[in-house]
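Report on the following structure.
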Amino acid sequence: MADHDRILRTTPRKAATFDDHTLSEIRRAAATGIYDIRGGGAKRRVPCFDDLVFLGASMSRYPLEGYRERCETNVVLGTRFAKKPIELDIPITIAGMSFGSLSAQAKEALGRGATAMGTSTTTGDGGMTPEERGHSEKLVYQLLPSRYGMNPDDLRKADAIEVVVGQGAKPGGGGMLLGQKISERVAEMRTLPEGIDQRSACRHPDWTGPDDLAIKITELREITAWEKPIYVKVGAARPYYDTALSVKAGADVVVVDGMQGGTAATQEVFIEHVGIPTLPAVREAVRALKELDMHRKVQLIVSGGIRSGADVAKALAMGADAVSIGTAALVAIGDNDPLWEDEYQKLGTTAGAYDDWHEGNDPAGITTQDPDLAARLDPIAAGRRLANYLGVLALELQTLARANGKSHVRNLEPEDLAALTVEAAAMAGVPLAGTSWIPGTR
Amino acid sequence: MSKSMSNVDVVDLAELELREVNARLQQHNGSEQGGHFRVINPNGAHAVACGLNAAVIVEIDGHTGYYAAGMNQAAEVTIKGNAGPGVAENMMSGTVRVTGDASQYAGASGHGGLLVIEGSASSRCGISMKGIDIVVKGNIGHMSAFMAQAGRLVVLGDVGADFGDSLYEARLFVRGSVKSLGADCIEKDMQDEHRDELAEILALAQVDANPADFKRYGSARKLYNFNIDNVGAY
Numbered sequence: 490m491a492d493h494d495r496i497l498r499t500t501p502r503k504a505a506t507f508d509d510h511t512l513s514e515i516r517r518a519a520a521t522g523i524y525d526i527r528g529g530g531a532k533r534r535v536p537c538f539d540d541l542v543f544l545g546a547s548m549s550r551y552p553l554e555g556y557r558e559r560c561e562t563n564v565v566l567g568t569r570f571a572k573k574p575i576e577l578d579i580p581i582t583i584a585g586m587s588f589g590s591l592s593a594q595a596k597e598a599l600g601r602g603a604t605a606m607g608t609s610t611t612t613g614d615g616g617m618t619p620e621e622r623g624h625s626e627k628l629v630y631q632l633l634p635s636r637y638g639m640n641p642d643d644l645r646k647a648d649a650i651e652v653v654v655g656q657g658a659k660p661g662g663g664g665m666l667l668g669q670k671i672s673e674r675v676a677e678m679r680t681l682p683e684g685i686d687q688r689s690a691c692r693h694p695d696w697t698g699p700d701d702l703a704i705k706i707t708e709l710r711e712i713t714a715w716e717k718p719i720y721v722k723v724g725a726a727r728p729y730y731d732t733a734l735s736v737k738a739g740a741d742v743v744v745v746d747g748m749q750g751g752t753a754a755t756q757e758v759f760i761e762h763v764g765i766p767t768l769p770a771v772r773e774a775v776r777a778l779k780e781l782d783m784h785r786k787v788q789l790i791v792s793g794g795i796r797s798g799a800d801v802a803k804a805l806a807m808g809a810d811a812v813s814i815g816t817a818a819l820v821a822i823g824d825n826d827p828l829w830e831d832e833y834q835k836l837g838t839t840a841g842a843y844d845d846w847h848e849g850n851d852p853a854g855i856t857t858q859d860p861d862l863a864a865r866l867d868p869i870a871a872g873r874r875l876a877n878y879l880g881v882l883a884l885e886l887q888t889l890a891r892a893n894g895k896s897h898v899r900n901l902e903p904e905d906l907a908a909l910t911v912e913a914a915a916m917a918g919v920p921l922a923g924t925s926w927i928p929g930t931r
Numbered sequence: 016m017s018k019s020m021s022n023v024d025v026v027d028l029a030e031l032e033l034r035e036v037n038a039r040l041q042q043h044n045g046s047e048q049g050g051h052f053r054v055i056n057p058n059g060a061h062a063v064a065c066g067l068n069a070a071v072i073v074e075i076d077g078h079t080g081y082y083a084a085g086m087n088q089a090a091e092v093t094i095k096g097n098a099g100p101g102v103a104e105n106m107m108s109g110t111v112r113v114t115g116d117a118s119q120y121a122g123a124s125g126h127g128g129l130l131v132i133e134g135s136a137s138s139r140c141g142i143s144m145k146g147i148d149i150v151v152k153g154n155i156g157h158m159s160a161f162m163a164q165a166g167r168l169v170v171l172g173d174v175g176a177d178f179g180d181s182l183y184e185a186r187l188f189v190r191g192s193v194k195s196l197g198a199d200c201i202e203k204d205m206q207d208e209h210r211d212e213l214a215e216i217l218a219l220a221q222v223d224a225n226p227a228d229f230k231r232y233g234s235a236r237k238l239y240n241f242n243i244d245n246v247g248a249y
């Protein structure tokens, strides 16, 4: 190559707008004529708890000794109306994931891990299995639009009831479980033919709006003698109004799930483009509770992309009472483990990126109904891993709480936080670090 | 306050709170013991006689609000009047009878048992039904049997638009007209076995009608697995 040719030619450059993933999606759509379906939550970068830091203690705040002074972590949920509120040892619960989307072994592992750490698990869109009830000391039973497997006996066996209005991965969308995972047992629990694509309703069959929901909640309480805490779970769409309306409808607990929250299967376009991130959702939900003078009276659980004790601590500092984890719990029990890299490669993906959970081929035996794959997951060992992970989250949470001088994690407060970006400062309502400026305020 | 009249326990919603009334009706839940109750002055109250789980007889003298006899198990509940939305929702077993009309979502997501509506029912009757049998002597509204999974819906009168939209394996029988069928719902042959099946349900419901006068509808099962050629139906 002559010198002048080298100088005249720039290096090849791909468009930021049309990156490799985008190009591959256009080709995939052109070849198949159908949208992409996958599991998990939003994969794009969104403002999150990483954009906040704790200020720690110094002259005006006194820290607690890390290994000597106690820092409590318990939380009581359902104190508003329920005769039997739930007390959790740690403010970290396991989110609703169905038997059907997950193997029986995976559900058992979640129950074992949560129980070992004194916290709750949650059923999912497919009913309650006896194994799940047996392995979960505290179990939240979801009332979903599909009502698959819903029955009053299981309602009474539950420790709390969660009315699911939506989830963060797809606010406004119903569940989806494709035929590959509708095994005989899953089909029977859902009263559906085996092997069909199950597309759950996105609206409840017998109520519309908060006025109806109030009556629905009354009915659920009447069926369970007003014993069970009743949660209302919403996807982070309009969290200020959704939280306020949940309170109006009589919820004991409001669960707000941000767009990073996972799903078993939904259209990629829905996951990435509907709903708002967890960070602003917490702020808006807390604002609604405070304006109604219901903060701490109606408990707030936040979910969607919680990974570490730092995430938990920041959610609590912003005003949540507890958090819920789904994806992180699956990873803890073995999802996307590089141990299975050869098999992920055969599926055209790699460990850490595997999200075709709906296809039921999970090498880790978690998001599958294939008996051979499911048998790979030892529920006892996996449960122990989850317990370890939950324990680490709690230790990290306590570390941060002590560093901010708190003897109970619920005493963390917005004043302990600063934001690293203008976006996070605006969304979380905490000052940009090094300033007293909260965008949107004077 | 309750008064015993010839072995019928009379429960007055004008005097007692809903919780007290339901607690009284639910007192035999989970046991073999029966009982006979009459609820007076319901005045459209919601969630009356829900969560029953015993072979008790409950007569409600008047109109009820939302979710009367919700999630019923084993009990025989009669509403002598009209019923609000979601009557007998998620019923598991037993019988619920409405002598008047029923509002929306009658029998929604019912898993079993028999719901008889002697008048008409509004929209979404039998939505998401999962094994319940519903017999309506009058007409039913639009979007009835939407996503109906299992059980039988029998209508002596006429049916509104989009009947049986996206239904699964529920079986639908109609004597009158159907305004329009929803996605994947088709008329099917009415054979002897179906007439026998229908006669059995009508007898259980104590409804006098000739099975030969009915048409049968069910799922074409074309939407059970996603097929791009059906995209216009979604």
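Chains as they are written, first to last, in this note's numbering: chain A, 490 to 931; chain B, 16 to 249.
From the three backbone atoms N, C-alpha and C, an ideal C-beta is built for every residue, glycine too.
Keep in mind it's a predicted model, so treat the numbers as computed, not measured.
Rounded C-alpha distance that separates residue i from residue j
{"i": "residue 155 (chain B)", "j": "residue 170 (chain B)", "result": "7 Å"}
{"i": "residue 614 (chain A)", "j": "residue 498 (chain A)", "result": "57 Å"}
{"i": "residue 596 (chain A)", "j": "residue 871 (chain A)", "result": "10 Å"}
{"i": "residue 180 (chain B)", "j": "residue 874 (chain A)", "result": "45 Å"}
{"i": "residue 643 (chain A)", "j": "residue 85 (chain B)", "result": "15 Å"}
{"i": "residue 16 (chain B)", "j": "residue 90 (chain B)", "result": "Confidence in residue 16 (chain B) is poor, its pLDDT being 42 and thus under 50, which makes the residue's placement unreliable; the coordinate value appears in the next sentence. Cα to Cα, residue 16 (chain B) sits roughly 22 Å from residue 90 (chain B)."}
{"i": "residue 823 (chain A)", "j": "residue 853 (chain A)", "result": "6 Å"}
{"i": "residue 111 (chain B)", "j": "residue 218 (chain B)", "result": "15 Å"}
{"i": "residue 722 (chain A)", "j": "residue 563 (chain A)", "result": "21 Å"}
{"i": "residue 884 (chain A)", "j": "residue 702 (chain A)", "result": "38 Å"}
{"i": "residue 886 (chain A)", "j": "residue 545 (chain A)", "result": "13 Å"}
{"i": "residue 693 (chain A)", "j": "residue 805 (chain A)", "result": "31 Å"}
{"i": "residue 812 (chain A)", "j": "residue 761 (chain A)", "result": "22 Å"}
{"i": "residue 571 (chain A)", "j": "residue 107 (chain B)", "result": "25 Å"}
{"i": "residue 836 (chain A)", "j": "residue 664 (chain A)", "result": "24 Å"}
{"i": "residue 55 (chain B)", "j": "residue 42 (chain B)", "result": "18 Å"}
{"i": "residue 549 (chain A)", "j": "residue 768 (chain A)", "result": "27 Å"}
{"i": "residue 101 (chain B)", "j": "residue 50 (chain B)", "result": "25 Å"}
{"i": "residue 630 (chain A)", "j": "residue 622 (chain A)", "result": "10 Å"}
{"i": "residue 687 (chain A)", "j": "residue 807 (chain A)", "result": "38 Å"}
Range of the contiguous alpha helix (DSSP H) that encloses residue i
{"i": "residue 521 (chain A)", "result": "509-521"}
{"i": "residue 732 (chain A)", "result": "728-737"}
{"i": "residue 700 (chain A)", "result": "698-712"}
{"i": "residue 760 (chain A)", "result": "757-762"}
{"i": "residue 908 (chain A)", "result": "Looking at the DSSP string, residue 908 (chain A) is not in any alpha helix (DSSP H); the run it does join, the beta strand (DSSP E), is 906-908."}
{"i": "residue 669 (chain A)", "result": "Neither: residue 669 (chain A) is in no alpha helix (DSSP H) and is coded neither H nor E."}
{"i": "residue 802 (chain A)", "result": "798-806"}
{"i": "residue 148 (chain B)", "result": "No alpha helix (DSSP H) holds residue 148 (chain B); the beta strand (DSSP E) holding it covers 145-151."}
{"i": "residue 131 (chain B)", "result": "Premise fails: residue 131 (chain B) lies in the beta strand (DSSP E), 129-132, not in any alpha helix (DSSP H)."}
Chain B residues whose Cβ lies nearer than 8 Å to that of residue i
{"i": "residue 715 (chain A)", "result": "34"}
N-terminal and C-terminal residue of the beta strand (DSSP E) that residue i is part of
{"i": "residue 811 (chain A)", "result": "811-814"}
{"i": "residue 32 (chain B)", "result": "First-last for residue 32 (chain B): undefined, no H or E at that position."}
{"i": "residue 901 (chain A)", "result": "That residue, residue 901 (chain A), is in no beta strand (DSSP E); it is neither H nor E in DSSP."}
{"i": "residue 767 (chain A)", "result": "It is not in any beta strand (DSSP E) - residue 767 (chain A) instead sits in the alpha helix (DSSP H) that spans 767-780."}
{"i": "residue 645 (chain A)", "result": "It is not in any beta strand (DSSP E) - residue 645 (chain A) instead sits in the alpha helix (DSSP H) that spans 641-646."}
{"i": "residue 919 (chain A)", "result": "Segment: none, residue 919 (chain A) is in no beta strand (DSSP E) and carries neither H nor E."}
{"i": "residue 792 (chain A)", "result": "788-792"}
{"i": "residue 649 (chain A)", "result": "649-653"}
Residue i: contacting residues in chain B (beta-carbon distance under 7 Å)
{"i": "residue 681 (chain A)", "result": "164 and 183"}
Where residue i meets chain A, residues with beta-carbon distance less than 9 Å
{"i": "residue 97 (chain B)", "result": "Correct list: empty, because the minimum Cβ distance to chain A is about 16 Å."}
Chain A residues whose Cβ lies nearer than 7 Å to that of residue i
{"i": "residue 5 (chain B)", "result": "Chain B is shown from 16 up to 249; residue 5 (chain B) falls before or after that span and cannot be answered."}
Partner residues on chain A for residue i, Cβ-Cβ distance less than 8 Å
{"i": "residue 232 (chain B)", "result": "Within chain A, no residue comes near residue 232 (chain B); the closest Cβ sits about 17 Å away, beyond 8 Å."}
Minimum Cβ-Cβ distance from residue i to chain C less than 7 Å
{"i": "residue 101 (chain B)", "result": "In the structure shown, chain C cannot be found, because the protein chains are A and B."}
Complete beta strand (DSSP E) runs within the segment 166-248 of chain B (minimum length 3 residues, chain order): Scanning the segment 166-248 of chain B for uninterrupted beta strand (DSSP E) segments of 3 residues or longer gives 186-189, 200-203 and 230-234, listed from N- to C-terminal end.
Of the residues that make up the segment 214-230 of chain B, which ones have a beta carbon closer than 8 Å to any beta carbon in chain A? Residues of the segment 214-230 of chain B with a Cβ closer than 8 Å to any Cβ of chain A: none.
At a Cβ cut of 8 Å, what residues of the segment 57-86 of chain B count as close to chain A, listed as they run along the chain? Result list: 61, 62, 65, 66, 68, 80, 81, 82, 85 and 86.
Start-end ranges of the alpha helix (DSSP H) lying completely within the segment 829-888 of chain A, minimum 4 residues: Whole alpha helix (DSSP H) segments, 4+ residues: 830-835 and 860-863.
Output needed in chain order: residues of the segment 636-666 of chain A with a Cβ under 7 Å from some Cβ in chain B. For the segment 636-666 of chain A, which is checked against every Cβ of chain B, the residues closer than 7 Å are 636, 639, 640 and 641.
Name the residues in the segment 140-172 of chain B whose C-beta lies less than 7 Å from a C-beta of chain A; which are they? Cβ contacts with chain A come from 142, 143, 145, 146, 162, 164 and 165.
Length-filtered (3 minimum) beta strand (DSSP E) runs lying within the segment 42-103 of chain B: DSSP runs (the beta strand (DSSP E)) wholly in the segment 42-103 of chain B: 50-55, 71-76 and 91-95.
Could you list the residues in the segment 103-121 of chain B with a C-beta less than 7 Å from some C-beta on chain A, going in chain order? Those would be 104, 105, 107 and 120, in chain order.
Mind listing which residues of the segment 694-714 of chain A have their C-beta closer than 8 Å to chain B's C-betas, in chain order? If the cut-off is 8 Å between Cβ atoms, the segment 694-714 of chain A has 694, 695, 696, 701, 704, 705, 707, 708, 711, 712, 713 and 714 near chain B.
Fully enclosed by the segment 559-637 of chain A, which alpha helix (DSSP H) runs are 4 residues long or longer? Complete alpha helix (DSSP H) runs here, min 4: 593-605 and 619-624.
If you measure beta-carbon to beta-carbon, which residues of the segment 176-200 of chain B are closer than 7 Å to chain A? So the close ones are 183 and 184.
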